[in-house]
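Engineer:
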Amino acid sequence: MFKPDGKYPIELHSFLAEQNKTWELCRSNYDALKRVLTKEFTIDGNIVRVQFNPARLTSTSAKVDSASITARKCFLCRENRPPEQNDFHLDEQFYVLVNPFPIFPEHFTVTLKDHLPQEIGGRIKELLRITSELTAEYIVFYNGPKCGASAPDHFHFQAGNKDFLPLFGADGIKSENILWSKQFQSASAKGIDDGLRKFVLIESPDRADAEELFVLFDSAYRRHRKDSAEPLYNLVCAKEGEAYKLVVLLRAKHRPGYYFAEGPEQVLLSPASVDVCGVCITPREEDFNKVNEVMLKNIFSEVFISREELISSGEIKI
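The C-terminal residue of the sequence shown carries number 317 in numbering that gives the first Met the number 0, and the numbering is unbroken.
(1) Given this structure, state the Cα-to-Cα distance separating A228 from R221, to the nearest angstrom.
(2) Using the rule of at least 16 other Cβ atoms within 10 Å of the residue's Cβ for burial, across every protein chain shown, is T281 buried or exposed?
(3) Among all the DSSP beta bridges, which residues are the ones paired with D192?
(4) Pick helix, strand or coil for G159, following the three-state DSSP scheme.
(5) Would the stretch 171-187 and the stretch 115-122 be scored as touching if the rule is three or more Cβ pairs under 8 Å?
(6) In terms of DSSP beta bridges, what is A251 paired with?
(7) Can you look up S203 in the DSSP assignment and give me helix, strand or coil?
(8) Grouping DSSP H, G and I as helix and E and B as strand, with all else coil, what is E264?
(9) Report, in whole angstroms, the separation of the C-beta atoms of F103 and N160, which I expect to be a contact under 8 Å.
(10) Please state if the CB of V278 and the CB of R80 are separated by a distance shorter than 8 Å.
(11) Expressed to the nearest angstrom, what Euclidean distance is found between the alpha-carbon atoms of A150 and P144?
(12) From the DSSP output, in three-state form, read off N297 for me.
(13) How should N318 be labelled, buried or exposed, when 16 other C-beta atoms within 10 angstroms of its C-beta is the threshold for buried?
(14) Where does the unbroken beta strand (DSSP E) through L75 begin, and where does it stop?
(15) When the Cα atoms are used, what is the spatial distance from A16 to L96?
(16) Quick check on DSSP: helix, strand or coil for S27?
(17) Less than 8 Å between the C-beta atoms of S203 and S185, yes or no?
(18) Buried or exposed: where does E210 fall if 16 or more other Cβ atoms within 10 Å of its Cβ makes it buried?
(19) Shortest alpha-carbon distance to V266 belongs to which of V247, V273 and N291?
(20) In whole angstroms, what is the alpha-carbon distance linking K225 and V302?
(21) Inspect the CB distances between the stretch 236-249 and the stretch 119-139 and report whether three or more fall short of 8 Å.
(22) With a 10 Å radius around its C-beta and 16 neighbouring C-beta atoms as the bar for buried, classify F107 as buried or exposed.
(23) Among residues of its own chain, excluding the 5 on either side of L89, which ones have a beta-carbon nearer than 6 Å to its beta-carbon?
Structure (structure tokens):
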């Protein structure tokens with residue numbers, strides 16, 4: 000076990016350096032990350048980067064149906080991890096692991112110590128708390144069990160460099176795209192359609208207020224959908240100054256039609272939090288070469304709820 004000294008984010012840098020020294024797979028994939036191919040598009044004023052990252056093939060193509068999950072050992076449980084994969088004790092509930100198949104220059108998995116399913120209900124407090132502990136250098140994100148989580152059977156967050164994601168850049172969220180706004184104590188919730196994504200932005204300097212507003216929205220959104228099951232969410236949380244910024248990305252489906260097409264029409268792009276925040280991962284070079292502005296716009300349109308649904312979500316009482 001890695002022995003943290005209690006100083007964030009310095010110990011995360013040290014932890015990654017230690018794993019790169021002792022774990023060949025990890026070192027090889029982080030070295031390869033420095034040479035990945037990227038290209039950039041601007042779509043309706045939004046920056047979208049496409050990354051050719053072959054190390055992500057396993058995650059992108061992961062089978063997440065019940066039968067496949069049951070048939071494999073959980074790779075986040077301590078007893079099933081590679082012997083080279085170290086961890087450190089973040090608190091009584093969570094370990095931090097270096098993600099050996101990185102997208103970010105520094106990519107971590109924050110995994111629950113107990114083997115419990117990927118369900119955000121009751122855990123939003125932990126997302127906000129961990130974001131605070133890891134400081135403003137990192138974002139912390141949650142992929143819903145049907146929105147990109149390759150381990151829907153074991154609860155976890157992930158963390159990475161905040162400045163890597165275009166949505167969290169200086170021009171990432173524009174006020175002119177706000178469709179509705181609500182207030183609770185010190186926290187605000189805004190429904191936003193930026194031409195690519197439909198999401199709710201919750202902001203507050205008070206962690207408890209941000210948590211309560213999300214809980215209120217989540218409960219009302221479930222009633223609005225007439226479904227008690229967890230909505231299709233990607234959640235991305237950042238700390239900016241004294242304020243918490245929680246982005247609730249409202250999904251309509253997990254994977255677009257391109258993913259299931261056959262032959263040359265297929266594109267293995269399975270959007271999760273990182274992709275929908277502006278860095279789309281293609282693990283095959285032929286897909287990287289095929290992806291263009293029209294395709295990206297189609298993919299985002301297909302996996303997000305409609306503008307009309309976002310507007311109606313602002314009419315619910317929270």
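For each residue, glycine too, the CB sits at the ideal point set by N, CA and C.
Structural biologist: Straight from the coordinates:
(1) The sequence position of residue 228 within the sequence shown is 229, counting from 1. The sequence position of residue 221 within the sequence shown is 222, counting from 1. Their backbone Cα atoms lie some 7 Å apart in a straight line.
(2) Here residue 281 is taken as the residue at index 282 of the sequence shown, counted from 1. By the 10 Å Cβ count, T281 comes out buried.
(3) Walking along the sequence shown from the start, residue 192 turns up at place 193. Answer is K197.
(4) Here residue 159 refers to the residue found at position 160 of the sequence shown. When DSSP states are grouped into helix, strand and coil, G159 belongs to the strand group.
(5) With contact defined as three or more Cβ pairs closer than 8 Å, the stretch 171-187 and the stretch 115-122 are not in contact.
(6) In the sequence shown, the residue the question calls residue 251 occupies position 252. For A251, which the question treats as bridged, DSSP gives no partner whatsoever.
(7) On the sequence shown, residue 203 is found 204 positions in, with the first residue counted as 1. Three-state result, S203: strand.
(8) Taking the first residue of the sequence shown as 1, we reach residue 264 at position 265. In the structure shown, E264 sits in a helix (DSSP, three-state: H, G or I).
(9) To locate residue 103, count along the sequence shown from 1; it is residue 104. To locate residue 160, count along the sequence shown from 1; it is residue 161. The beta-carbon separation of F103 and N160, rounded to 5 Å, stays under the 8 Å limit for a contact.
(10) By 1-based counting over the sequence shown, the position of residue 80 is 81. By 1-based counting over the sequence shown, the position of residue 278 is 279. Not closer than 8 Å, so no.
(11) As a position in the sequence shown, residue 150 is number 151, starting the count at 1. As a position in the sequence shown, residue 144 is number 145, starting the count at 1. Rounded to the nearest angstrom, the two C-alpha atoms are 8 Å apart.
(12) On the sequence shown, residue 297 is found 298 positions in, with the first residue counted as 1. The answer is helix: DSSP assigns N297 an H, G or I state.
(13) Outside the modelled stretch of the chain, which goes from 0 to 317, sits residue 318, for which no answer is possible.
(14) Residue numbering aside, residue 75 sits at position 76 when the sequence shown is read from its first letter. Neither: L75 is in no beta strand (DSSP E) and is coded neither H nor E.
(15) Along the sequence shown, read from residue 1 onward, the residue named residue 16 stands at position 17. Along the sequence shown, read from residue 1 onward, the residue named residue 96 stands at position 97. Computed Cα separation, rounded: 12 Å.
(16) Within the sequence shown, the letter at position 28 stands for residue 27. Of the three classes helix, strand and coil, the one that applies to S27 here is helix, per DSSP.
(17) By 1-based counting over the sequence shown, the position of residue 203 is 204. By 1-based counting over the sequence shown, the position of residue 185 is 186. Closer than 8 Å, so yes.
(18) Taking the first residue of the sequence shown as 1, we reach residue 210 at position 211. Around the CB of E210, 16 or more other CB atoms lie within 10 Å, so the residue is classed as buried.
(19) Residue mapping note: residue 266 aligns to position 267 of the sequence shown, counting from 1. Comparing Cα positions, the closest option is N291.
(20) For this step, residue 225 is matched to residue 226 along the sequence shown. For this step, residue 302 is matched to residue 303 along the sequence shown. Going from the Cα of K225 to the Cα of V302 covers about 20 Å.
(21) A contact is defined here as three or more CB-CB pairs under 8 Å, and the stretch 236-249 meets this definition with respect to the stretch 119-139.
(22) Taking the first residue of the sequence shown as 1, we reach residue 107 at position 108. So F107 counts as buried.
(23) Position 90 of the sequence shown, counting from 1, holds the residue named residue 89. The residues are V95.
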